[in-house]
Ligand SMILES: C[S@@+](CC[C@H](N)C(=O)[O-])C[C@H]1O[C@@H](n2cnc3c(N)ncnc32)[C@H](O)[C@@H]1O
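Residue numbers (this note's numbering): 709 to 895.
So this is what it looks like as structure tokens:
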């Protein structure tokens with residue numbers, strides 16, 4: 709799927725994956741939040757934040773939360789959803805080119821990294837290595853099924869994450885039959 713395809717999907721349907729209504733998403737978000745830990749996080753980053761449904765659940769655990777997504781329609785919706793939480797900055801931007809330069813204590817990557825090419829994933833990991841503080845946590849969650857719209861599989865992505873020398877797995881696959889979930893810490 710190209711970035712233009714994502715934007716077209718949000719224009720056709722404001723919640724194309726059912727983030728506000730599907731039990732799968734509700735359960736995935738609950739497990740993702742548990743994997744993040746209680747916080748409070750001085751500064752957290754959410755990659756591929758879509759319309760901000762998970763962001764709105766994570767925000768109360770953060771003193772500052774930066775979210776990043778490349779689809780303008782999704783970003784506009786997320787800004788509306790998070791308007792009452794001024795400590796959340798919803799950014800429009802592409803991964804890896806526009807990864808923030810700040811330092812983060814927590815990074816969440818939910819159903820985003822398998823849309824990247826292998827080279828883009830490598831660049832994204834290099835960017836995260838720079839912006840994650842020592843001891844900071846990366847929570848990665850990806851739906852297991854394969855599909856033509858995703859260049860990489862959940863297994864490819866999580867295998868690559870676990871192979872990073874600068875990351876240490878602290879909780880392996882707390883996921884389900886439907887998705888993989890890994891918690892890794894920056895050494
Ligand atoms: C399947 S949605 C995941 C939404 C959310 N993280 C969740 O799990 O509820 C993937 C999101 O990633 C965004 N996205 C895809 N490729 C991207 C890229 N290279 N840079 C920034 N955002 C991207 C899309 O616009 C879309 O909103």
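Just so you know, even glycine gets a beta-carbon here, dropped at the ideal spot from N, CA and C.
Since the structure is predicted, the reported quantities are computational estimates derived from the model, not experimental observations.
Enclosing beta strand (DSSP E) for residue i [first to last residue]
{"i": "residue 840", "result": "840-851"}
{"i": "residue 877", "result": "875-879"}
{"i": "residue 752", "result": "752-755"}
Range covered by the alpha helix (DSSP H) that runs through residue i
{"i": "residue 818", "result": "Element bounds for residue 818: not the alpha helix (DSSP H) but the beta strand (DSSP E), 812-818."}
{"i": "residue 732", "result": "731-744"}
{"i": "residue 715", "result": "711-720"}
{"i": "residue 789", "result": "780-789"}
{"i": "residue 800", "result": "Premise fails: residue 800 lies in the beta strand (DSSP E), 796-800, not in any alpha helix (DSSP H)."}
{"i": "residue 762", "result": "761-766"}
{"i": "residue 869", "result": "862-870"}
Local conformation of residue i per DSSP, three classes
{"i": "residue 772", "result": "coil"}
{"i": "residue 887", "result": "strand"}
{"i": "residue 895", "result": "coil"}
{"i": "residue 723", "result": "coil"}
{"i": "residue 777", "result": "strand"}
Minimum Cβ-Cβ distance from residue i to chain B less than 8 angstroms
{"i": "residue 886", "result": "Note that chain B does not occur in the displayed structure, where there is just one protein chain."}
Closer than 7 angstroms: residue i CB and nearest ligand 1 heavy atom
{"i": "residue 887", "result": "no"}
{"i": "residue 878", "result": "no"}
{"i": "residue 756", "result": "yes"}
{"i": "residue 714", "result": "yes"}
{"i": "residue 776", "result": "yes"}
{"i": "residue 782", "result": "yes"}
{"i": "residue 844", "result": "no"}
{"i": "residue 818", "result": "yes"}
{"i": "residue 761", "result": "yes"}
{"i": "residue 823", "result": "yes"}
{"i": "residue 711", "result": "yes"}
TODO: Give a yes or no on contact between the stretch 839-858 and the stretch 760-772, applying the rule of three or more CB pairs nearer than 8 angstroms.
DONE: no
Task: Inter-stretch contact (C-beta, 8 angstroms, three-pair minimum) for the stretch 748-761 and the stretch 805-821 - done: yes
Open item on the list: Quick test of the definition: if touching needs 3 or more C-beta pairs under 8 angstroms, does the stretch 774-788 touch the stretch 728-747?
Closed with: no
Open item on the list: Under 8 angstroms: do the stretch 828-842 and the stretch 880-892 share three or more Cβ pairs, one atom per stretch?
Closed with: no
Task: Contact between the stretch 813-830 and the stretch 791-800 (3+ Cβ pairs under 8 angstroms) - done: The stretch 791-800 and the stretch 813-830 do not touch, with fewer than three beta-carbon pairs separated by less than 8 angstroms.
- [ ] Please determine if the stretch 721-731 and the stretch 858-878 are in contact, where contact requires at least 3 C-beta pairs separated by less than 8 angstroms.
- [x] no
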